[in-house]
Ligand SMILES: Nc1ncnc2c1ncn2[C@@H]1O[C@H](COP(=O)(O)OP(=O)(O)O)[C@@H](O)[C@H]1O
Ligand SMILES: [Mg+2]
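Residue numbers (my numbering): 337 to 495.
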């Protein structure tokens, strides 16, 4: 396994949330978390754990942002949650001006990150989700950039 990657299979939604919480504890603001993987593979579940870990109030975090595209929350750090499922690449994507969020100092977590044309342009933590069976999901954390390498190392240590 590549040193900048961490692979883990979770056996329940709670385990996936726990990974989100574990990562949240290591964030200091301004990180980009790029989530990919099929519908139902656990991306939003992970984001819920991340939000718990960042102390985002339960009432302000009740849904996937699929229909609103971008939601912002205040926890221990400001959080921006983006879901690109319904956004076509090209002008529609550019109109979201995600680069401004990325530069804002908020924790930016983006579902369907692979749809972002400019995904290669900045450093980020990739988290890929794969459906294994009804209860299990295989997660692959991949650091793109030094800061994210530290986060991957911290996640491994937390095990
Ligand atoms: N190990 C697991 N991790 C995450 N979700 C799981 C797991 N096992 C079952 N599930 C279920 O899979 C679904 C994942 O949905 P969701 O997080 O919305 O996926 P996505 O955002 O990738 O479309 C939920 O219904 C959840 O209860
Ligand atoms: Mg989702």
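For glycine and all other residues, C-beta sits at the position ideal for the given N, C-alpha and C.
From a predicted model like this one, the values you see are computed outputs, not experimental measurements.
Rounded distance between the beta-carbons of residue j and residue i, thought under 8 Å
i	j	result
residue 485	residue 340	5 Å
residue 476	residue 343	5 Å
residue 462	residue 370	5 Å
residue 378	residue 352	5 Å
residue 409	residue 387	7 Å
residue 500	residue 449	Shown here, the chain extends from 337 to 495; a query on residue 500 therefore has no answer.
Closest residue to residue i among the options (Cα-Cα distance)
i	options	result
residue 493	422, 358 and 338	358
residue 381	363, 366, 417 and 427	417
residue 368	444, 412 and 419	444
residue 391	412, 405, 406 and 426	412
Heavy atom of ligand 2 within 7 Å of residue i beta-carbon
i	result
residue 346	no
residue 447	yes
Proximity test, residue i beta-carbon vs ligand 1 heavy atom, cut-off 7 Å
i	result
residue 352	yes
residue 349	yes
Taking 8 Å as the cut-off, does the stretch 464-483 touch the stretch 374-384 (at least 3 CB pairs, one atom from each stretch)?
yes
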